[in-house]
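Protein chains in written order, with full-length UniProt numbering: chain A, 1 to 173; chain B, 1 to 698.
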């Protein structure tokens, strides 16, 4: 067992903490910092419930070791909007009832917010037509694009057919 | 008596929505506790046998390890009937992966590593894990729901089949499915003085309380179970499983320290039950006019040697179709495997895949449209009970679904529609689920002079929307606005409640709340109609329903699917699903729709993806993660439409509800399999429908 000190900026607050080198970013957030917004579903990078923005990009925080991210900035679903307020994506999820048990939901929402930025930056997905999005142009997010880009986040309650219109509503704004 | 819907029927956003979308709703494992310890389990590495020796020396010496738990130092628990909960009581191993110990440590990383340092020597015994029809030890299971017998028979099936001009005789198989809620089973257990406190993810706090009280021979008042939010369940969190016992045994070793225990995704495949695989034979005989004269449905399934569970796959069959000669048979083999359990629509989900596939085959054999064939054989009275239905709208669902789906003019010829390399087909199947009420629920209502009503019941919200819908029920039961209701659930400190399961929640808990509301009105009348300064409180139990002996009570539905099958590689894509349901009154159209939608999508997942691959050599599921056990992802799902018909049923309960959690999955897999046949001409009778089974079509 080796302990190391790391700094993390989480949802706008700086933290200095000592972690076991085996500790994932997810466990550092949940068990050391008490931020349980990202969820542990598989601890294996397969379900997406632990999705956070790590230095601005969506990642599975269960697959990132805290020791490897000293100085990183983390945004969880709890930090997308100020305390007591909702990010517009969160309001869309409620309006479309895009969840049931809510356990995958913070990960879905962080993923959706990041995904809109990826499409706006012209990043293609597996279903993007050849040539689309090249040269800095945004990818138009139709339902198939949303389905494809949101498939790293599993929902066992299977709210997918509500998640797609929730994200599409945000994409139109 | 029935209550007047004012709040019921209104689409309300779920009350816990804001907390959930921010991730601030705290699930069991996330409850703040002082100085927690972490438990990691030691699991058996043989299928059956006994532990010859355990060496815990290296694990105990690891810095940060507080206790190593084995059968040698575990609390002796009472000899209760449920063998699944009998862990760490001897050196015996009943299945591979069974809990045989654990390490309690200051961090989860230390606990997990220390478990790898425990050395176990086994004396292995041969195991018996193969389900097959010729086994001499197949037995009739005990009833799951007392009103539905395991075997039914009427008339002379064999003679009617022999003389029927049109016959179908096929065997259908369904796969071992695992629930896999995204929140694994989690517990925080604390033993303080003479009592336990649990934060736990469960479908029923009272069932956990009863099991722990029995095992540890404690009064129920010394076991508090709190289940604030539940991250999905689908049946795996209905009965107590061994994870709760292991956490409790660990807590006994470290008094006053909360012990946190979360199963890994891998452990979820052996510890918390599963839908058992089934082998089902369906025989149908029809006359020249397309009327069923004989219907036989037989199913064999595995259970464990520790505890019996039967997936009652033939349960729906005597409810569905009028046939003068009928037989259902249900058989079990007890194997050296983990114990199966209820999973969404247990019985109906697997059984209606078989029956509704066979009905499609028979419609084709009779040269009839599959909707017309079902309508011709619709039962007017319950074929087995002989009772009238409290309401039965299967035909209305089929007709409404056909209209909305665009069924008219469908060419039944299989394998002839092709677009851009894909074969296109459509399919239909019926759905049903009984209106179940589980005994034992009570509710307390308190009202103060401020006209705010506190409603207490130890019910569960596993994502179904109980908080919202049951508040709507309480508002109408009391004749007040839903904003005046403060509903509190998920805690054994409240009056006891039956499990969330079998689509029985609103029926059981809502009936208790309606009864309490009646009592409160009586109390108010005694006080001259005004709430006294110190308020009023009443408690009532769920009353009997006098209509149960007079009517058969069931929900019905119709499932439609449009699929595309790739002509070269056999890939199946479900473009469209449409369901129409007759489920009585819908309390909250928003959350009810999500339940039906979720059920239909889980049905798609059952049809195309889900299979826990069991290796008989090692007696374990080898697909122990979400990559190799694929559940439907967003990209697997196309357009899904959910509809219901207006159905006014005054007999089922005071709300007029029939339940919506289960029926969405029923028939969904058959509709997809029938559509695949229509697209390709290949009849797949073995779930899941994977590419290899369709390659002959390409």
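Just so it is clear, CB atoms sit at the ideal spot from N, CA and C, and this is done for glycine as well.
- Where residue 577 of chain B is concerned, the enclosing beta strand (DSSP E) starts and stops at 572-582.
- Proximity of chain B to residue 69 of chain A at the Cβ level (cut-off 9 angstroms) is not reached, the minimal Cβ distance being about 17 angstroms.
- Nearest to residue 143 of chain A by alpha-carbon distance, out of A:87, A:7, A:161, is A:161.
- Annotated as distal: residue 215 of chain B and residue 104 of chain B, with beta-carbon spacing of 8 angstroms or more.
- A Cβ-Cβ distance of about 24 angstroms is found for the pair residue 206 of chain B and residue 274 of chain B, leaving them out of contact under the 8 angstroms criterion.
- Under the three-state reduction of DSSP, residue 370 of chain B is assigned to helix.
- When 9 angstroms is used as the limit between beta carbons, residue 265 of chain B is near these residues of chain A: 41, 42, 43, 44, 46, 47, in chain order.
- Annotation: residue 17 of chain B to residue 448 of chain B spans about 27 angstroms, alpha carbon to alpha carbon.
- The three-state secondary structure of residue 364 of chain B, taken from DSSP, is helix.
- Proximity of residue 50 of chain A to chain B, defined by a Cβ-Cβ separation below 8 angstroms, is not satisfied.
- Spanning the alpha carbons of residue 352 of chain B and residue 341 of chain B requires a straight line of approximately 18 angstroms.
- Apart from sequence neighbours up to five positions away, the residues of its chain that approach residue 669 of chain B with a beta-carbon distance below 7 angstroms are 353, 603, 606, 607, 687, ordered along the chain.
- The beta carbon of residue 677 of chain B lies closer than 8 angstroms to those of 360, 414, 425, 427, 683, 684 in the same chain, with the five residues before and after it left out.
- Between the stretch 97-107 of chain A and the stretch 21-40 of chain A there are three or more inter-stretch CB-CB distances shorter than 8 angstroms, so the stretches are counted as touching.
- Under the three-pair Cβ rule at 8 angstroms, the stretch 364-371 of chain B does not count as touching the stretch 184-194 of chain B.
- Within the stretch 70-120 of chain A, the runs of alpha helix (DSSP H) that reach at least 4 residues and sit entirely inside it are, in chain order, 88-95, 105-120.
- Its Cα nearest to that of residue 199 of chain B, the residue B:229 stands out among B:229, B:210, B:193.
- By the 16-neighbour rule on beta-carbons within 10 angstroms, residue 527 of chain B is exposed.
- A contact is defined here as three or more CB-CB pairs under 8 angstroms, and the stretch 79-87 of chain B fails this definition with respect to the stretch 113-120 of chain B.
- Comparing alpha-carbon positions, the option among B:290, B:308, B:386, B:452 lying closest to residue 373 of chain B turns out to be B:290.
- When DSSP assignments are scanned along the stretch 589-675 of chain B, the uninterrupted stretches of alpha helix (DSSP H) that are 4 or more residues long and fall wholly within it turn out to be 589-608.
- Collapsing the DSSP output to three states places residue 562 of chain B in a strand.
- For the stretch 615-635 of chain B, the residues whose beta carbon sits under 8 angstroms from a beta carbon of chain A are, in order, 625, 626, 627, 631, 632, 633, 634, 635.
- Within chain A, 94, 95, 97 have C-beta atoms less than 8 angstroms from the C-beta of residue 13 of chain B, given in sequence order.
- Residue 57 of chain A counts as exposed, since fewer than 16 other beta carbons sit within 10 angstroms of its beta carbon.
- Annotation for residue 325 of chain B: no alpha helix (DSSP H) segment contains it, though the beta strand (DSSP E) segment containing it runs 325-335.
- Here the alpha carbon of residue 575 of chain B sits roughly 16 angstroms from the alpha carbon of residue 401 of chain B.
- Just so you know, the alpha carbons of residue 547 of chain B and residue 80 of chain A end up roughly 52 angstroms apart.
- Against chain A, a Cβ distance below 8 angstroms from residue 262 of chain B picks out 40.
- Under the 8 angstroms criterion on CB atoms, residue 51 of chain B is classed as non-interfacial with respect to chain A.
- Put simply, of B:474, B:536, B:673 the residue whose alpha carbon is nearest the alpha carbon of residue 2 of chain B is B:474.
- Excluding sequence positions up to five before and after residue 89 of chain B, its CB lies within less than 8 angstroms of the CB of 71, 74, 76, 77, all in the same chain and listed in chain order.
- For residue 317 of chain B, the enclosing alpha helix (DSSP H) stretches over residues 317-320.
- The beta carbon of residue 433 of chain B does not come within 8 angstroms of any beta carbon belonging to chain A, so the residue lies off that interface.
- Within its own chain, the residues whose Cβ lies closer than 6 angstroms to the Cβ of residue 15 of chain B, once the five positions on either side in sequence are excluded, are 467, 468, listed in chain order.
- DSSP places residue 169 of chain B outside any alpha helix (DSSP H); the residue lies instead in the beta strand (DSSP E), whose first and last residues are 166-174.
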